[in-house]
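Participant:
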Amino acid sequence: MEPEAVAITAVLPDFLPPGKHLLGDAGYKIWAHMLTPFPESEAIGDRRKRVYNRLHSRTRIAVECAFGRLKNRFRILLGKLEQKTPERIGKLIQSCMVLHNMLLAVKDRYVVQGTDPLRGKARLRDDSGGLAISEQPFSYTLGLTKRDDLADIFMS
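Under the numbering used here, the sequence shown is numbered contiguously, ending at residue 156.
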């Protein structure tokens, strides 16, 4: 994981409203702010955990598809953003999201063909590394509790 991504992950809990969380796939560790599926070995014999995993997967896939549509429309988002500051990167991403939502509102169906010439300088991200941050034991325990609570809610 790149140093910038490590830094973002470290401060991420400060930006999420209380009681909110992100969804991560099985490659991430569970934290209070990052909920992951139950391990398959646990879910096989437990209907509650299977239901949670199914709903977790459906939600995560819907979000991934939405980001895929955004990245397909604004191909600059496919590579590393060459901005000078994190604030400018945030403004660029926010601008793409606002424009994307405006185009959806007017039912724009234009599909970009070919490759984006502006993407020539972009370096694709290396997503092969795992999380480099040491996990806080309390956050881990809180994440487990939150996941269990959601699994109970899904079953009621």
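Ideal Cβ positions, reconstructed from N, Cα and C, are used throughout, including at glycine.
Whole angstroms are fine: how far does the CA of P86 sit from the CA of K107?
Facilitator: Along the sequence shown, one-based indexing puts residue 107 at 107. Along the sequence shown, one-based indexing puts residue 86 at 86. In this structure, the CA atom of K107 is about 31 Å from the CA atom of P86.
Participant: Kindly identify the DSSP beta-bridge partner or partners of M34.
Facilitator: Here residue 34 refers to the residue found at position 34 of the sequence shown. Paired residue(s): L22 and W31.
Participant: Would you say A43 and T36 are within 8 Å of each other, going by their C-beta atoms?
Facilitator: The residue you call residue 43 lines up with position 43 of the sequence shown. The residue you call residue 36 lines up with position 36 of the sequence shown. Contact: no.
Participant: Report the option in L144, L23, T141 and Y28 whose CA atom is closest to the CA atom of V63.
Facilitator: If you number the sequence shown from 1, residue 63 lands on position 63. Of the candidates L144, L23, T141 and Y28, the one whose C-alpha sits nearest the C-alpha of V63 is L23.
Participant: Within this structure, are the beta carbons of L70 and M97 separated by less than 8 Å?
Facilitator: Counted from its first residue, the sequence shown places residue 70 at position 70. Counted from its first residue, the sequence shown places residue 97 at position 97. The answer is yes: Cβ separation under 8 Å.
Participant: Return the chain-ordered list of same chain residues with a C-beta closer than 7 Å to the C-beta of I89, the five sequence neighbours on each side being excluded.
Facilitator: As a first step, residue 89 must be located in the sequence shown, where it is residue number 89. Closer than 7 Å at Cβ, skipping near neighbours: L81 and Q83.
Participant: Under a Cβ-count criterion, where at least 16 other Cβ atoms within 10 Å of its own Cβ denotes burial, should R147 be classed as buried or exposed?
Facilitator: Working through the sequence shown from its first residue, we reach residue 147 at position 147. If you draw a 10 Å sphere on the C-beta of R147, you find 16 or more other C-beta atoms in it, and that means buried.
Participant: Here's the rule I'm using: 16 or more other beta-carbon atoms within 10 Å means buried, otherwise exposed. How should N53 be labelled?
Facilitator: Working through the sequence shown from its first residue, we reach residue 53 at position 53. Counting the other CB atoms within 10 Å of its CB gives N53 a total of 16 or more, which places it among the buried residues.
Participant: Determine the extent of the alpha helix (DSSP H) in which V51 is found, giving its start and end residues.
Facilitator: Working through the sequence shown from its first residue, we reach residue 51 at position 51. Segment R47 to R73, the alpha helix (DSSP H) holding V51.
Participant: Specify the secondary structure class of P86 as computed by DSSP and reduced to three states.
Facilitator: For the purposes of this step, residue 86 is taken as residue 86 along the sequence shown, with counting starting at 1. In the structure shown, P86 sits in a helix (DSSP, three-state: H, G or I).
Participant: Could you check what DSSP says for D14 in three-state terms: helix, strand or coil?
Facilitator: Indexing the sequence shown from 1 puts residue 14 at position 14. Under the three-state reduction of DSSP output, D14 falls in the helix class.
Participant: Drop a sphere of 10 angstroms on the beta-carbon of M34, count the other beta-carbons inside from all chains shown, and report buried for 16 or more, exposed for fewer.
Facilitator: As a first step, residue 34 is located in the sequence shown; it is residue number 34 there, counting from the start. Classification for M34: buried.
Participant: The alpha helix (DSSP H) spanning S156 covers which residue range?
Facilitator: By one-based count along the sequence shown, residue 156 stands at place 156. Neither: S156 is in no alpha helix (DSSP H) and is coded neither H nor E.
Participant: Please classify I30 as buried or exposed, where buried requires at least 16 other C-beta atoms within 10 Å of its C-beta.
Facilitator: As a working mapping, residue 30 is identified with position 30 in the sequence shown. Here I30 is buried, its C-beta having at least 16 other C-beta atoms within 10 Å.
Participant: With a CB to CB cut of under 6 Å and the five nearest residues on each side skipped, what residues in its chain are close to I93?
Facilitator: Position 93 of the sequence shown holds residue 93. Same-chain partners within the cutoff: there are none.
Participant: What would DSSP say about R147, mapped onto helix, strand or coil?
Facilitator: Position 147 of the sequence shown, counted from the first residue, corresponds to residue 147. R147 falls in the helix class under three-state DSSP.
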